[in-house]
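Student: Take this structure, written in structure tokens, and hold onto it; I'll ask about it next.
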Amino acid sequence: MMTIPVLNVLAETLAASMAVSTVSLSGVFALWLKAETLQRVVPYLVALAVGVLLGDAFIHLIPDAVNRQGSVSSVSLLTLSGIFSFFVLEKFLRWRHEHPVPSDEQTPEAKGIRPLAKMNLLGDAIHNFVDGILIAGSFLVDPVLGFTTTLAIVVHEIPQEIGDVGALVYGGYTPKQALRYNFYCSLTVIVGALFTLWLGSIAEASLVFLLPIAAGGFIYIAATDFIPVLHEHSSLSHFIGQSLIFAAGVAFMQLIVIFEHFLLA
Numbered sequence: 470m471m472t473i474p475v476l477n478v479l480a481e482t483l484a485a486s487m488a489v490s491t492v493s494l495s496g497v498f499a500l501w502l503k504a505e506t507l508q509r510v511v512p513y514l515v516a517l518a519v520g521v522l523l524g525d526a527f528i529h530l531i532p533d534a535v536n537r538q539g540s541v542s543s544v545s546l547l548t549l550s551g552i553f554s555f556f557v558l559e560k561f562l563r564w565r566h567e568h569p570v571p572s573d574e575q576t577p578e579a580k581g582i583r584p585l586a587k588m589n590l591l592g593d594a595i596h597n598f599v600d601g602i603l604i605a606g607s608f609l610v611d612p613v614l615g616f617t618t619t620l621a622i623v624v625h626e627i628p629q630e631i632g633d634v635g636a637l638v639y640g641g642y643t644p645k646q647a648l649r650y651n652f653y654c655s656l657t658v659i660v661g662a663l664f665t666l667w668l669g670s671i672a673e674a675s676l677v678f679l680l681p682i683a684a685g686g687f688i689y690i691a692a693t694d695f696i697p698v699l700h701e702h703s704s705l706s707h708f709i710g711q712s713l714i715f716a717a718g719v720a721f722m723q724l725i726v727i728f729e730h731f732l733l734a
């Protein structure tokens with residue numbers, strides 16, 4: 470039978486995880502934009518996704534992994550393994566995309582989904598799982614630490630989720646589908662939290678591997694799937710706007726790291 474302190478930790482962790490999941494709905498504005506307006510905005514949202522993904526990988530995930538691992542070379546190898554793993558996964562997705570199985574149930578929307586959208590969903594699901602481990606691990610240590618960790622995650626998730634919705638729309642999903650699938654992926658926060666509450670220190674130890682692998686996935690998705698998309702729009706206004714938003718995404722992630730240090734100090 471669970472004791473009161475254990476129930477408190479479970480309740481606090483689940484509440485925090487569900488709060489983080491609801492942040493995935495930050496891109497709800499896409500439902501209210503006209504199709505023409507959304508089409509003009511999407512390239513800039515993709516630029517935001519690139520800046521946030523690369524900023525999160527290089528400024529947040531990799532340094533955190535090095536602090537936990539203590540070996541830069543080991544983290545580098547794991548990051549490369551993440552890049553390679555996502556390369557193999559995308560190869561498989563593209564192969565499946567080019568060799569569809571005929572089906573009367575397959576909708577026109579499903580046939581037109583680009584592999585980059587599916588890759589983004591996969592990367593986001595892994596990252597949210599990692600966030601769940603961080604949240605639960607923090608609450609196991611101290612409720613205040615759990616709250617501050619959750620707050621930091623919520624703040625850094627907002628720009629990422631907005632960029633993700635734009636990337637999913639560009640990848641072929643309707644705004645409603647993009648919002649729904651993005652929310653489904655966010656539920657892995659709860660899975661990661663429950664995984665940690667169940668296995669405790671063993672789950673937290675897995676962060677040594679999961680953080681750099683997630684970083685490798687983000688680097689791969691941003692560099693091979695999203696940046697080429699930005700080059701499809703080469704007008705002067707796109708060049709200036711996308712460059713500024715790309716830089717803003719990176720800068721925002723740096724500010725989040727400073728904010729996290731302030732909260733956890």
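Note that the working numbering has the sequence shown beginning at 470, numbered continuously upward. Ideal Cβ positions, reconstructed from N, Cα and C, are used throughout, including at glycine.
Keeping to the same chain, check which residues put their C-beta closer than 6 Å to that of Ile684; ignore five residues upstream and five downstream.
Tutor: Taking the first residue of the sequence shown as position 1, residue 684 is located at position 215. Reading the sequence as shown, one finds Ala at residue 684 and not Ile. Excluding residues within five positions, the ones whose Cβ falls inside 6 Å are Ala526, Leu530, Ile531 and Thr548.
Student: To the nearest angstrom, how far is it from the Cα of Ile631 to the Cα of Asn477?
Tutor: Sequence index remark: in the sequence shown, residue 631 carries index 162 (1-based). Sequence index remark: in the sequence shown, residue 477 carries index 8 (1-based). Each residue's Cα considered, the two are about 32 Å apart.
Student: If you follow the alpha helix (DSSP H) that Thr617 is part of, which residue opens it and which one closes it?
Tutor: Taking the first residue of the sequence shown as 1, we reach residue 617 at position 148. Residues Pro612 to Tyr639.
Student: Rounded to the nearest angstrom, how far is the Cβ of Ser490 from that of Leu656, given a contact under 8 Å?
Tutor: Start at 1 with the first residue of the sequence shown, and residue 490 comes out as number 21. Start at 1 with the first residue of the sequence shown, and residue 656 comes out as number 187. The pair is a contact, with the Cβ atoms about 6 Å apart (cut-off 8 Å).
Student: Quick check on this structure: which residue in Ala485, Ser703, Ile725 and Val541 has the alpha carbon closest to the alpha carbon of Pro681?
Tutor: Walking along the sequence shown from the start, residue 681 turns up at place 212. Nearest option by C-alpha distance: Val541.
Student: So what's Thr482 in DSSP terms, helix, strand or just coil?
Tutor: Numbered from 1 along the sequence shown, position 13 holds the residue referred to as residue 482. Thr482: helix per DSSP, three-state reduction.
Student: Considering Cα atoms alone, identify which of Leu603, Asp533, Pro628 and Tyr639 is closest to Gly581.
Tutor: Numbered from 1 along the sequence shown, position 112 holds the residue referred to as residue 581. For the residues Leu603, Asp533, Pro628 and Tyr639, the minimum Cα distance to Gly581 belongs to Tyr639.
Student: Phe553 and Met588 look like a contact to me (Cβ under 8 Å); what is the Cβ gap, rounded to whole Å?
Tutor: The residue you call residue 553 lines up with position 84 of the sequence shown. The residue you call residue 588 lines up with position 119 of the sequence shown. Contact flag wrong, Cβ pair sits at about 14 Å.
Student: Report yes if the CB atom of Ala621 is closer than 9 Å to the CB atom of Glu729, and no otherwise.
Tutor: If you number the sequence shown from 1, residue 621 lands on position 152. If you number the sequence shown from 1, residue 729 lands on position 260. Cβ distance < 9 Å, so Ala621 and Glu729 count as in contact.
Student: Can you say whether Ser486 is buried or exposed, counting buried as having 16 or more other CB atoms within 10 angstroms of its CB?
Tutor: Start at 1 with the first residue of the sequence shown, and residue 486 comes out as number 17. So Ser486 counts as buried.
Student: Answer with buried or exposed for Gly539, where buried requires no fewer than 16 other C-beta atoms within 10 angstroms of its C-beta.
Tutor: Start at 1 with the first residue of the sequence shown, and residue 539 comes out as number 70. Exposed, because fewer than 16 other Cβ atoms sit within 10 Å of the Cβ of Gly539.
Student: Using the rule of at least 16 other Cβ atoms within 10 Å of the residue's Cβ for burial, across every protein chain shown, is Asp533 buried or exposed?
Tutor: Residue 533 sits at position 64 when you count from the first residue of the sequence shown. Buried, since its Cβ has 16 or more Cβ neighbours within 10 Å.
Student: Just to confirm before moving on: does the CB-CB distance between Met722 and His625 stay below 9 Å?
Tutor: As a first step, residue 722 is located in the sequence shown; it is residue number 253 there, counting from the start. As a first step, residue 625 is located in the sequence shown; it is residue number 156 there, counting from the start. It is a contact, given that the beta carbons lie within the stated cut-off.
Student: Go ahead and pull the three-state DSSP assignment for Arg583.
Tutor: As a working note, residue 583 is residue 114 in the sequence shown. Reduced to three states, the DSSP call for Arg583 is coil.
Student: Is it buried or exposed, Asp611, if we count other Cβ atoms within 10 angstroms and call 16 or more buried?
Tutor: Locating residue 611 in the sequence shown gives position 142, where the first residue counts as 1. When all chains shown are included, Asp611 counts as exposed.
Student: Look up Glu559 in the DSSP assignment and say whether it is helix, strand or coil.
Tutor: To locate residue 559, count along the sequence shown from 1; it is residue 90. Note: Glu559 maps to helix in three-state DSSP.
Student: Are there 16 or more other CB atoms within 10 angstroms of the CB of Gly718, so buried, or fewer, so exposed?
Tutor: For the purposes of this step, residue 718 is taken as the residue at position 249 of the sequence shown. By the 10 Å Cβ count, Gly718 comes out buried.
Student: DSSP three-state call for His707: helix, strand or coil?
Tutor: Mapped onto the sequence shown, residue 707 falls at position 238. Note: His707 maps to helix in three-state DSSP.
Student: Output the distance between the C-alpha atoms of Gln646 and Val634, rounded to the nearest integer angstrom.
Tutor: Taking the sequence shown and counting its residues from 1, the one referred to as residue 646 is at position 177. Taking the sequence shown and counting its residues from 1, the one referred to as residue 634 is at position 165. The straight-line gap from Cα to Cα measures roughly 9 Å.
Student: Starting from Glu701, trace the alpha helix (DSSP H) in both directions and tell me its first and last residue.
Tutor: Translated into the one-based positions of the sequence shown, residue 701 becomes position 232. From DSSP, Glu701 is part of no alpha helix (DSSP H); its letter is neither H nor E.
Student: Using DSSP with H/G/I as helix, E/B as strand and the rest coil, what is Ser543?
Tutor: Working through the sequence shown from its first residue, we reach residue 543 at position 74. It is helical.
Student: Report all residues from its chain with a CB closer than 7 Å to the CB of Tyr650; omit the five preceding and five following residues, and keep chain order.
Tutor: Reading the sequence shown from its first residue, position 181 is the one you call residue 650. The answer, listed in chain order, is Leu590, Leu637 and Tyr642.
Student: To the nearest angstrom, how far is the alpha carbon of Leu663 from that of Phe678?
Tutor: For this step, residue 663 is matched to residue 194 along the sequence shown. For this step, residue 678 is matched to residue 209 along the sequence shown. Rounded to the nearest angstrom, the two C-alpha atoms are 18 Å apart.
Student: Between Ile696 and chain C, is any beta-carbon pair separated by less than 9 Å?
Tutor: Any reference to chain C falls outside this structure, which holds one protein chain only.
Student: In or out: Val509 buried (at least 16 other Cβ within 10 Å) or exposed?
Tutor: Here residue 509 refers to the residue found at position 40 when the sequence shown is read from its first residue. Here residue 509 turns out to be Arg, not Val, going by the sequence shown. Under this definition Arg509 is an exposed residue.
Student: Considering only residues of the same chain and omitting the five flanking positions on each side of Ser545, which have a CB-CB separation below 6 Å?
Tutor: Here residue 545 is taken as the residue at index 76 of the sequence shown, counted from 1. So the list is empty, once near-sequence residues are dropped.
Student: Can you tell me where the alpha helix (DSSP H) holding Tyr650 begins and where it ends?
Tutor: Within the sequence shown, numbered from 1, the residue matching residue 650 stands at position 181. Tyr650 -> alpha helix (DSSP H) spans Pro644 to Ser655.
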